[in-house]
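K.L.:
Heads up: the protein sequence lines correspond to chains A and B, in order. The numbering of the first sequence is our numbering, which starts it at 60 and goes up by one. The numbering of the second sequence is our numbering, which starts it at 60 and goes up by one.
Protein chains: 2
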Amino acid sequence: MIERERRVAHTAAGRGSSRARRPGRAAPPQGRLRRRRVLDANIVAAAEELFAQHGFQGVSIAEVAARVGISKQNLTYYFPTKEALYRRVLDGVLDEWLERLRGLADPDKEPEAALRDYIRAKLRYSRERPSGSRVFATEIIAGLPLYAREIRARVVPALRAQVETLGRWVADGRVEPIDPVHLMFVLWAATQTYADFSHQMALVMDKEALEPADFDAAEEVVTRVVLRALGLAAPAPSPAQPR
Amino acid sequence: MIERERRVAHTAAGRGSSRARRPGRAAPPQGRLRRRRVLDANIVAAAEELFAQHGFQGVSIAEVAARVGISKQNLTYYFPTKEALYRRVLDGVLDEWLERLRGLADPDKEPEAALRDYIRAKLRYSRERPSGSRVFATEIIAGLPLYAREIRARVVPALRAQVETLGRWVADGRVEPIDPVHLMFVLWAATQTYADFSHQMALVMDKEALEPADFDAAEEVVTRVVLRALGLAAPAPSPAQPR
DNA sequence: GTCTATAAGCGGATAGAC
DNA sequence: GTCTATCCGCTTATAGAC
């Protein structure tokens, strides 16, 4: 079963190099492969939403299967265990998150521009992939019971690199002195919260769900808060009085 | 069974008025009552920790019972359903949270002092009651499946009051203009994260768990970030150069 | 690849004796 | 209040036919 898991996971992830195309086979395997990849992606997407709502133990593979229109026995063909499916969900979240935030907070860029881009990208992720953010958050809140290794290997280095960049800006006198570790935690929290706590926010603002305008306002406030903490923004932007 | 739930829940919450003391009974029921209250509190405390780690569905009542040294059948005597126990956990979290934050962010107080007190209290709650914060966070992330009514009735008004206070300070020109709703969201997130995400923070800082000094540093950074966003703090506190 | 069938266990909840 | 006994449903996972 481990063999099966490996095979499916690799082809699904697009790295199906071990299974070379058989020249003797006339029918193109591309159609089948593509269909499998689509089904695989649908399973992961459905699982992501359900895990975000109910947590790992709160989801049954039968529910996931029902969402994508297959039997739960068939689902185990693609993902032999529930935990394997959960890991694939988190792998996907992490892949996309690291991809989007790559190269931002570059120490050579201007601090202000780098931070603006970073905040924008992170808030955009919260808006476009709230379920992914939530699965991630619940895993962290639970104390990393199933995904500690990957967090340690992939997330922690990324965060440390960003902290180091902040620290260099401070050391070079390009921003006012502040604890870079905790500023990073605050920045992370202030952007993450627009995915994780959006249900409560909607209640406070008396609307069904957050709207694009809310994310624009969030970006303005978070950006201002962070930049001013570093002495990088004008003291009184006062949008009420146009100059 | 509903009858039983009501009775137990009320006495356990300390409002056991319906069961008047029988004058004919010589033995003081106080001992028994006190023991029951202690056991009840132990159950709730154990459940809080487990719910924080594994989520609602991830916890079995047998686990909770084992932690307090009773059988699961006996546990159902105190809490007839798992959901009732979960609600009691959240009730306790909410009670203490509202109690601690009562009167802070008073519109008549100086904005700077009010905000400092509020941030300190909220961070202290994250430090002292991390499990409670985490249970709360997971319920919100899940989309309020079981506790929406209480959030709506008790949390939302509290948040709105704080938003209104911030808005009044802006309107009165006591602080620089900013969107009070989103500033509140950021403030909430920046303090909440020190409970919810502390496991990841510990990994980033390469330590077993957050220490008191970390919370001191957090308080300094969060306070500075918020105050400067409102134009309330000196531009360059620079702790490196004592004046 | 997808199906039927089923194993094997745990979950919450209840009944009733003491 | 605490115990033993038990019900019933749902869970993951596997075996094997097609």
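Think of the CB as a built atom: it goes at the ideal place given N, C-alpha and C, for glycine as much as any other residue. These numbers come from a predicted model, not from an experiment.
#1: Please report the distance separating the alpha-carbon of leucine 157(A) from that of alanine 217(A).
#2: Taking only the alpha-carbon atoms, compute the straight-line gap between threonine 250(B) and asparagine 133(A) and give it to the nearest angstrom.
#3: Using the Cα positions of alanine 164(A) and valine 97(B), report the straight-line distance between them to the nearest angstrom.
#4: Is there a C-beta anywhere in chain A that falls below 8 Å from the one on alanine 120(B)?
#5: Which whole runs of the alpha helix (DSSP H) in the stretch 201-242 of chain A are 4 residues long or more, in chain order?
#6: Tell me, to the nearest whole angstrom, how far the beta carbon of valine 194(A) is from that of valine 148(A); I am working on the premise that it is less than 8 Å.
#7: Between valine 123(A) and chain B, is the shortest Cβ-Cβ distance under 8 Å, so that the two count as touching?
#8: Report the rounded CA-to-CA distance for leucine 289(B) versus leucine 269(B), giving the unit in angstroms.
#9: If you drop the 5 nearest sequence neighbours on each side, which residues of the same chain put their C-beta closer than 6 Å to that of tyrosine 206(B)?
#10: Could you tell me if lysine 181(A) is buried or exposed, where buried requires 16 or more neighbouring beta carbons within 10 angstroms of its beta carbon?
#11: Compute the beta-carbon to beta-carbon distance between alanine 277(A) and histidine 241(B), rounded to the nearest angstrom, for a pair I have assumed lies under 8 Å.
#12: Compare the C-alpha of proline 189(A) against each of Ile120(A), Phe256(A), Ala292(A), Asp273(A) and name the closest.
#13: Is the Cβ of glycine 17(B) closer than 8 Å to any Cβ of chain A?
#14: Do you know how far the Cα of arginine 227(B) is from the Cα of proline 170(A)?
#15: Alpha carbon to alpha carbon, how far is glutamate 279(B) from arginine 95(B)? Give it in angstroms, no decimals.
#16: Is it buried or exposed for proline 271(A), if we count other Cβ within 10 angstroms and need 16 for buried?
#17: Please report the straight-line C-alpha distance between proline 204(A) and arginine 146(A), rounded to a whole angstrom.
#18: Ignore the nearest five residues each way along the sequence and tell me which others in isoleucine 237(B)'s own chain have a CB closer than 7 Å to its CB.
#19: What separation, rounded to the nearest whole angstrom, lies between the Cα atoms of glutamate 142(B) and threonine 135(B)?
#20: Go ahead and pull the three-state DSSP assignment for threonine 140(B).
#21: Run through chain B and tell me which residues come within less than 9 Å of valine 245(A), C-beta to C-beta.
#22: With a threshold of 8 Å between beta carbons, is aspartate 255(A) in contact with chain B?
#23: Anything in chain A within Cβ reach of threonine 197(B), meaning under 9 Å, just list it in chain order.
#24: Which chain A residues sit within Cβ distance under 9 Å of aspartate 238(B)?
#25: Mapping the DSSP letters down to three states, classify glutamate 267(B) as helix, strand or coil.
#26: Around the C-beta of alanine 220(B), are 16 or more other C-beta atoms found within 10 angstroms, so that it is buried, or is it exposed?
#27: How many whole angstroms separate the CB atoms of alanine 248(B) and alanine 248(A), which I take to be in contact at a CB cut-off of 8 Å?
#28: Taking 8 Å as the threshold (C-beta atoms), are leucine 109(A) and valine 127(A) in contact?
#29: Say whether chain A places a C-beta atom closer than 8 Å to the C-beta of alanine 288(B).
#30: Can you give me the C-alpha to C-alpha distance between leucine 144(B) and proline 166(A), rounded to a whole angstrom?
#31: Does the beta-carbon of aspartate 99(A) have 16 or more other beta-carbons within 10 angstroms, so that it is buried, or is it exposed?
#32: Tell me whether threonine 224(A) is buried or exposed, calling it buried when 16 or more other Cβ atoms sit within 10 Å of its Cβ.
#33: Out of Val281(B), Val263(B), His258(B), point me to the one whose CA is closest to methionine 243(B)'s CA.
#34: Say whether chain A places a C-beta atom closer than 8 Å to the C-beta of isoleucine 178(B).
#35: Can you give the beta carbon distance from tyrosine 177(A) to arginine 159(A), rounded, assuming they're within the 8 Å contact cut?
#36: Please name the residue, chosen from Val118(B), Tyr137(B), Ser130(B), that lies closest to leucine 92(B) on a Cα-to-Cα basis.
P.N.:
In brief:
#1: Position 98 of the first sequence, counted from the start, is the residue given in the question as residue 157(A). Position 158 of the first sequence, counted from the start, is the residue given in the question as residue 217(A). Near 8 Å, if we compare the C-alpha coordinates of alanine 217(A) and leucine 157(A).
#2: Against the second sequence, residue 250(B) aligns to sequence position 191. Against the first sequence, residue 133(A) aligns to sequence position 74. Those two C-alpha atoms are separated by around 44 Å.
#3: Along the first sequence, read from residue 1 onward, the residue named residue 164(A) stands at position 105. Along the second sequence, read from residue 1 onward, the residue named residue 97(B) stands at position 38. Approximately 52 Å between the Cα atoms of the pair.
#4: Looking up residue 120(B) in the second sequence gives position 61. The question names alanine, but residue 120(B) in the sequence shown is isoleucine. No - not a single Cβ of chain A is within 8 Å of the one on isoleucine 120(B).
#5: 215-230
#6: The residue given as residue 194(A) occupies position 135 in the first sequence. The residue given as residue 148(A) occupies position 89 in the first sequence. Contact between valine 194(A) and valine 148(A) holds: CB atoms are separated by about 6 Å, below the 8 Å threshold.
#7: Position 64 of the first sequence, counting from 1, holds the residue named residue 123(A). Judged by the 8 Å Cβ criterion, valine 123(A) is not in contact with chain B.
#8: Taking the first residue of the second sequence as position 1, residue 289(B) is located at position 230. Taking the first residue of the second sequence as position 1, residue 269(B) is located at position 210. For leucine 289(B) and leucine 269(B), the distance between alpha carbons rounds to 29 Å.
#9: Walking along the second sequence from the start, residue 206(B) turns up at place 147. Closer than 6 Å at the Cβ level, and outside the excluded window around tyrosine 206(B), lie Leu149, Glu198.
#10: For the purposes of this step, residue 181(A) is taken as the residue at position 122 of the first sequence. Lysine 181(A) should be labelled buried.
#11: For this step, residue 277(A) is matched to residue 218 along the first sequence. For this step, residue 241(B) is matched to residue 182 along the second sequence. Yes, alanine 277(A) and histidine 241(B) are in contact; Cβ-Cβ is about 5 Å, under 8 Å.
#12: On the first sequence, position 130 is the one that residue 189(A) refers to. When only C-alpha atoms are compared, the closest one is Phe256(A).
#13: Since the displayed chain B opens at 60 and closes at 302, residue 17(B) lies outside it and no answer follows.
#14: Stepping through the first sequence from its first residue, residue 170(A) is reached at position 111. Stepping through the second sequence from its first residue, residue 227(B) is reached at position 168. So the two alpha carbons sit approximately 33 Å from each other.
#15: Numbered from its first residue, the second sequence carries residue 95(B) at position 36. Numbered from its first residue, the second sequence carries residue 279(B) at position 220. For arginine 95(B) and glutamate 279(B), the distance between alpha carbons rounds to 42 Å.
#16: Within the first sequence, numbered from 1, the residue matching residue 271(A) stands at position 212. Counting Cβ neighbours within 10 Å, proline 271(A) comes out exposed, since fewer than 16 surround it.
#17: Position 145 of the first sequence holds residue 204(A). Position 87 of the first sequence holds residue 146(A). Taking the straight line joining both Cα atoms gives about 12 Å.
#18: Taking the second sequence and counting its residues from 1, the one referred to as residue 237(B) is at position 178. Sequence-distant Cβ neighbours of isoleucine 237(B) in its own chain, meaning closer than 7 Å and more than five residues away, are Val229, Ala288, Leu289.
#19: For the purposes of this step, residue 142(B) is identified with residue 83 of the second sequence, where counting begins at 1. For the purposes of this step, residue 135(B) is identified with residue 76 of the second sequence, where counting begins at 1. Those two C-alpha atoms are separated by around 11 Å.
#20: Reading the second sequence from its first residue, position 81 is the one you call residue 140(B). DSSP places threonine 140(B) in coil when its eight states are reduced to three.
#21: For the purposes of this step, residue 245(A) is identified with residue 186 of the first sequence, where counting begins at 1. Simply Val245, Ala248, Ala249, Thr252, Ala277, Val280, Val281, Val284.
#22: Taking the first residue of the first sequence as 1, we reach residue 255(A) at position 196. Yes, its Cβ sits closer than 8 Å to a Cβ of chain B.
#23: As a position in the second sequence, residue 197(B) is number 138, starting the count at 1. Under the 9 Å cutoff, chain A gives Gly114, Ala196, Thr197, Ile200, Ala201.
#24: Taking the second sequence and counting its residues from 1, one reaches residue 238(B) at position 179. The contacting residues are Ala276, Ala277, Glu279, Val280.
#25: Here residue 267(B) refers to the residue found at position 208 when the second sequence is read from its first residue. Coil at glutamate 267(B), not helix or strand.
#26: Within the second sequence, residue 220(B) is the residue found at index 161, counting from 1. Classification of alanine 220(B): exposed, given that the 10 Å Cβ count is below 16.
#27: Residue mapping note: residue 248(B) aligns to position 189 of the second sequence, counting from 1. Residue mapping note: residue 248(A) aligns to position 189 of the first sequence, counting from 1. With 8 Å as the limit, alanine 248(B) and alanine 248(A) qualify as a contact, their Cβ atoms being about 4 Å apart.
#28: Numbered from 1 along the first sequence, position 68 holds the residue referred to as residue 127(A). Numbered from 1 along the first sequence, position 50 holds the residue referred to as residue 109(A). It is not a contact, given that the beta carbons lie outside the stated cut-off.
#29: Reading the second sequence from its first residue, position 229 is the one you call residue 288(B). So yes, alanine 288(B) belongs to the interface.
#30: Sequence index remark: in the second sequence, residue 144(B) carries index 85 (1-based). Sequence index remark: in the first sequence, residue 166(A) carries index 107 (1-based). Whole-angstrom Cα-Cα distance: 50 Å.
#31: The residue you call residue 99(A) lines up with position 40 of the first sequence. Buried, because 16 or more other Cβ atoms sit within 10 Å of the Cβ of aspartate 99(A).
#32: To locate residue 224(A), count along the first sequence from 1; it is residue 165. By the neighbour-count rule (16 or more Cβ atoms within 10 Å), threonine 224(A) is buried.
#33: Here residue 243(B) refers to the residue found at position 184 when the second sequence is read from its first residue. Scanning Val281(B), Val263(B), His258(B) for the CA closest to the CA of methionine 243(B) turns up Val281(B).
#34: Numbered from its first residue, the second sequence carries residue 178(B) at position 119. Isoleucine 178(B) does not count as touching chain A.
#35: As a position in the first sequence, residue 177(A) is number 118, starting the count at 1. As a position in the first sequence, residue 159(A) is number 100, starting the count at 1. No, tyrosine 177(A) and arginine 159(A) are not in contact; Cβ-Cβ is about 10 Å, not under 8 Å.
#36: By 1-based counting over the second sequence, the position of residue 92(B) is 33. For the residues Val118(B), Tyr137(B), Ser130(B), the minimum Cα distance to leucine 92(B) belongs to Tyr137(B).
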